[in-house]
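S.K.:
Residue numbers (the numbering used here): 229 to 373.
(1) Which residue's Cα is closest to the Cα of residue 290: 367, 358 and 257?
(2) Residue 361 by DSSP, collapsed to three states: which one?
(3) Buried or exposed for residue 322, going by 16 or more other Cβ atoms inside 10 Å?
(4) For a test of the three-state rule: what should DSSP assign to residue 310, helix, strand or coil?
(5) Can you tell me the Cα-Cα spacing of residue 277 and residue 260, whole angstroms?
(6) Exposed or buried, residue 339, counting other C-beta atoms within 10 Å across all chains shown (16 or more means buried)?
(7) Whole angstroms is fine: what's the gap from residue 284's alpha carbon to residue 273's?
(8) Which one or two residues does DSSP pair with residue 390 in a beta bridge?
(9) Specify, as a first and last residue, the run of the alpha helix (DSSP H) that residue 287 falls within.
(10) May I ask you to report which of helix, strand or coil DSSP gives residue 338?
(11) Give me, in chain order, the residues of the same chain whose beta-carbon lies closer than 6 angstroms to that of residue 264; leave out the 5 immediate sequence neighbours on both sides.
(12) Rounded to whole angstroms, what is the Cα-Cα separation between residue 336 and residue 315?
(13) In its own chain, which residues sit with a C-beta less than 7 angstroms from the C-beta of residue 271, not counting the 5 before and 5 after it?
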């Protein structure tokens, strides 16, 4: 990291007290990136699957075909932390830019197991996403043992 490097090409971050006004002119906005943060309302049960925005998230959790061009978080190993179609996917400090995290996949699998409202047309989509993610994630974890 630049904080510990003497390389002339590295830039050091300003001290915290020197950057207090750095964000004062920024406006609040939603993240344009589809990832774990986008899923929190449904993962934590704060937003029902029937909500219009939750339906978009459920679509991102559906199994993808190789020819699929939609933003998807689904992978054969579990839910990815960032959509593979996102420009930041796997770039730079890549810690939360595509990896599959066990704790987040547990939340996703649990959330997908919650039933849709009675008579909901989403039941089949929830079951498909749940079965696919559970199977992929569990086989990845067991394969690592």
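Cβ coordinates follow ideal geometry from the N, Cα and C atoms, glycine included.
M.R.: In brief:
(1) Start at 1 with the first residue of the chain shown, and residue 290 comes out as number 62. Per the Cα distances, 358.
(2) Within the chain shown, the letter at position 133 stands for residue 361. Residue 361: helix per DSSP, three-state reduction.
(3) One-based indexing of the chain shown puts residue 322 at position 94. That one is exposed.
(4) Within the chain shown, the letter at position 82 stands for residue 310. Reduced to three states, the DSSP call for residue 310 is strand.
(5) Counted from its first residue, the chain shown places residue 277 at position 49. Counted from its first residue, the chain shown places residue 260 at position 32. C-alpha separation (whole angstroms): 21 angstroms.
(6) Position 111 of the chain shown, counted from the first residue, corresponds to residue 339. Counting the other Cβ atoms within 10 Å of the Cβ of residue 339 gives 16 or more, which makes it buried.
(7) Numbered from 1 along the chain shown, position 56 holds the residue referred to as residue 284. Numbered from 1 along the chain shown, position 45 holds the residue referred to as residue 273. Cα-Cα distance, rounded: 16 angstroms.
(8) Because the chain here runs from 229 to 373, residue 390 falls outside it and cannot be looked at.
(9) Within the chain shown, numbered from 1, the residue matching residue 287 stands at position 59. Taken as a continuous stretch (DSSP letters only), the alpha helix (DSSP H) holding residue 287 covers 280-288.
(10) Position 110 of the chain shown, counted from the first residue, corresponds to residue 338. The answer is helix: DSSP assigns residue 338 an H, G or I state.
(11) For the purposes of this step, residue 264 is taken as the residue at position 36 of the chain shown. Cβ within range, chain order: 309 and 332.
(12) Residue mapping note: residue 336 aligns to position 108 of the chain shown, counting from 1. Residue mapping note: residue 315 aligns to position 87 of the chain shown, counting from 1. If I take the Cα positions, the gap works out to 23 angstroms.
(13) Residue 271 sits at position 43 when you count from the first residue of the chain shown. Same-chain partners within the cutoff: 335, 336 and 339.
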